[in-house]
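For the sequence shown, numbering that gives the first Met the number 0 assigns the number 0 to the initial residue and increments by one for each residue that follows.
Comments concern the structure below.
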Amino acid sequence: MPATQGQTPASAPRRAARALRGALARSPDPYAGANLDLVRRLGAVMLAFTFVLAAALLPLAHPTDHIGTTGWAVASATLAVLSAGAVRLAKLRELRPDEALAWCYAALVAIAVLVWLTGGRDSPYYSLVLVWAGYTGASHPPRRVAVFLVALLAAGLSPLLYESLSSATIGSFVVRVAVWGVLTVMANAWSQSVRNQRAALMAGAREAQDEARVDALTGLGNRRGFDESLGRHMSLARRTGSPLSIVVADLDDFKTINDT
0 MPATQGQTPA
10 SAPRRAARAL
20 RGALARSPDP
30 YAGANLDLVR
40 RLGAVMLAFT
50 FVLAAALLPL
60 AHPTDHIGTT
70 GWAVASATLA
80 VLSAGAVRLA
90 KLRELRPDEA
100 LAWCYAALVA
110 IAVLVWLTGG
120 RDSPYYSLVL
130 VWAGYTGASH
140 PPRRVAVFLV
150 ALLAAGLSPL
160 LYESLSSATI
170 GSFVVRVAVW
180 GVLTVMANAW
190 SQSVRNQRAA
200 LMAGAREAQD
210 EARVDALTGL
220 GNRRGFDESL
230 GRHMSLARRT
240 GSPLSIVVAD
250 LDDFKTINDT
C-alpha cells in the first residue's frame, strides 16, 4: 500500500522518538495536574495491603531459606517498615512528591527482601511487585517512573543472582518482568495524559477567574475584584488588630477621560 502523502515509512519511529523525548524532558512542575492527596491515600492503602498480605503469608512461607531463623527478625523489620509507611501516609495532611516516590522504592526493596528470604522464584511475595508497578506508574511523572522501572527490573530479576535456574525458568522470569514493565509504562502514559488535561483545565480556570476580576476597558480591578480584596484585608485587620482605611471616589465622565 503506498505511503500517505507527506509521510515516509520512517516517520512513525521518528514520531515515537519525539514523543518519548517529550515525555522524558525536564518540566518546571512535573506534578502539574496531579492529585497528590489521592496519591497519598492510595499509597497508604497500598502499604497497608502489602503489610497485611505479607504478614498473613509468613506462616505459610517461612523466611528461613537463606539465613535460617535470623530471617524471622529480618522479615519482622521489613514488615515494620511497611506498617510505619502506611500509618505515616494515612496521617499526613500534605504529601511531598519526593516522599511519595521514596515509599514506592521502600516497598519494592521490602518485597525483594521477602522474596529472597522465602525462596526466590517460588516465593508468593513475588507477585506483589506487579501491584507496585501499576501504582508507581500511575502516580509519578515519566522521568521518575523511568528510573523506578530500572529498579523494578533489577528487583524482578534479582533471584537470578542467588539461585541456579534452568533456561526455561530464566525465560519465565524475563517474560514476567517484561509484563511488569509494560504495565508500568501503560499506567504512566494514561495517568500523564489525565494530569496534562487536568493541568490545562486548572490553568484555564485560573485565567478565567483573573479576567473576571479585571475591567476589560481599563485593565483595573472591577467590583468583584474589589469585593474579594476588601474581604481579605478586613479579615487581616481583624486578626492583627491593625487599622483599615477605605477610600471611595466617584469620577464623573471617567470613560470620557480614559478614552482621551
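Every residue gets a Cβ at the ideal spot worked out from N, C-alpha and C, and that includes glycine.
Computed from a predicted structure; not experimentally measured.
Contact check, residue i vs residue j, beta carbons under 8 Å
| i | j | result |
| --- | --- | --- |
| Leu-52 | Tyr-134 | no |
| Thr-77 | Ala-99 | no |
| Met-201 | Gly-32 | yes |
| Tyr-104 | Leu-113 | no |
| Leu-81 | Leu-46 | yes |
| Ala-107 | Ala-150 | Reading the sequence as shown, one finds Leu at residue 107 and not Ala. Against a cut-off of 8 Å, the Cβ pair of Ala-150 and Leu-107 comes out as a contact. |
| Leu-229 | Ala-236 | no |
| Val-73 | Leu-116 | yes |
| Ala-43 | Ala-79 | no |
| Ala-154 | Ala-89 | no |
| Tyr-30 | Pro-140 | yes |
| Leu-94 | Leu-35 | yes |
| Val-174 | Leu-152 | no |
Limits of the unbroken alpha helix (DSSP H) element including residue i
| i | result |
| --- | --- |
| Pro-260 | Nothing about residue 260 can be reported from this structure: the residues present for the chain run from 0 to 259 only. |
| Glu-98 | 96-116 |
| Ala-89 | 69-90 |
| Thr-135 | 127-138 |
| Thr-49 | 35-56 |
Any C-beta of chain D under 8 Å from that of residue i
| i | result |
| --- | --- |
| Ala-33 | The structure shown has no chain D; it contains just one protein chain. |
For this session: Would you check if there are 3 or more beta carbon pairs closer than 8 Å linking the region 130-148 to the region 168-183?
Result: The region 168-183 and the region 130-148 touch, with three or more beta-carbon pairs separated by less than 8 Å.
Exercise. State whether the region 151-159 contacts the region 120-130, with contact taken as three or more CB pairs (one from each stretch) at a distance under 8 Å.
Key: The answer is yes - the region 120-130 touches the region 151-159, with three or more Cβ pairs under 8 Å.
On the three-pair Cβ rule with 8 Å, is the region 189-201 touching the region 135-143?
Contact holds: three or more Cβ-Cβ distances are below 8 Å.
For the region 139-191, which segments carrying the alpha helix (DSSP H) assignment without a break, of at least 4 residues, lie completely within its bounds, in sequence order? For the region 139-191, whole alpha helix (DSSP H) runs of length 4 or above, ordered along the chain, are 141-156, 158-161.
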